[in-house]
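Everything in the sequence shown is counted per numbering that gives the first Met the number 0, starting at 0 for the first residue and increasing by one. All C-beta atoms, glycine included, are put in the ideal place defined by N, C-alpha and C. Shown next, in structure tokens, is the structure this report addresses.
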Amino acid sequence: MKLFIVSDNAKVIARWTLIAGNTQHTCEKLSLDLSHVNADKLEGIGLLHLASLTAGEVGHYLNVYSRIKWIAFSDVPSDSEGLKCLEAGCRGYINTYTTESLCEELFDVVARNDIWAGPSITKLLLNQYLSDRPGLKNEGAALNDVYNRLTRREEMVMRAVLTGAANKEIARDLSITERTVKAHVASILRKTQSKDRVSLIVKFSNRVA
């Protein structure tokens, strides 16, 4: 998948370009003048360097390049900033200088239309969602028979996912490969009829200790 870079920081651009090449992605730098002839036709994953943009410019990229899945990269991440970015339409929020291996996993997650956020931000999103739908907490019981179809290993993976853990962390903690984790996550999403990790958390947040 193609990566679109938005930044005015030469070191950040060079770093992301290197990561793109190492993770088998092509990349293109989008101009900060907010103009592109085929803006509404571009598809791929966008890397927004928040330190290079105003809030208005971030909103412009999200609206004009509507077919790009945008990830917000922050030099100094905070839950409040991350929540604002995700609410605005970003598919992920992460530290600008995160590792290459984590970036690779991040790109995979966002490419699948999943959302990438740390555990504290995920919890904020969940609490906000639940507060908007007070009757949702009673829906957990209806999922018992789906939950019981999970294998013991899938249950362990799901519990880790609910904490916001990345596949790499889960693999390390359970002494399995990342590929195996991905297979378990895919099976869990299918068995629970969940679109992505966030919807999985919404369904199971009140039933998994």
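Item, Value
"Return the chain-ordered ranges of every alpha helix (DSSP H) run that is complete within the region 31-71 and spans a minimum of 4 residues.", "54-63"
"Using the three-state DSSP reduction, which class does Asn112 fall into: helix, strand or coil?", "coil"
"Is the beta carbon of Phe106 less than 8 Å from the beta carbon of Ile67?", "no"
"Considering only DSSP beta bridges, list what Glu27 is partnered with.", "Phe3"
"How is the alpha helix (DSSP H) around Asn166 delimited, first residue to last?", "Asn166 to Leu173"
"May I ask which residues mark the beginning and end of the beta strand (DSSP E) holding Asn94?", "Gly91 to Asn94"
"Thr16 lies in the alpha helix (DSSP H); which residues open and close that run?", "Ala9 to Asn21"
"Would you kindly report the start and end of the unbroken alpha helix (DSSP H) that includes Arg158?", "Arg151 to Leu161"
"Taking DSSP as the reference, what is the three-state secondary structure of Ser73?", "strand"
"Between the Cα of Tyr60 and the Cα atoms of Pro76, Asp74, Glu80 and Cys84, which residue gives the shortest distance?", "Cys84"
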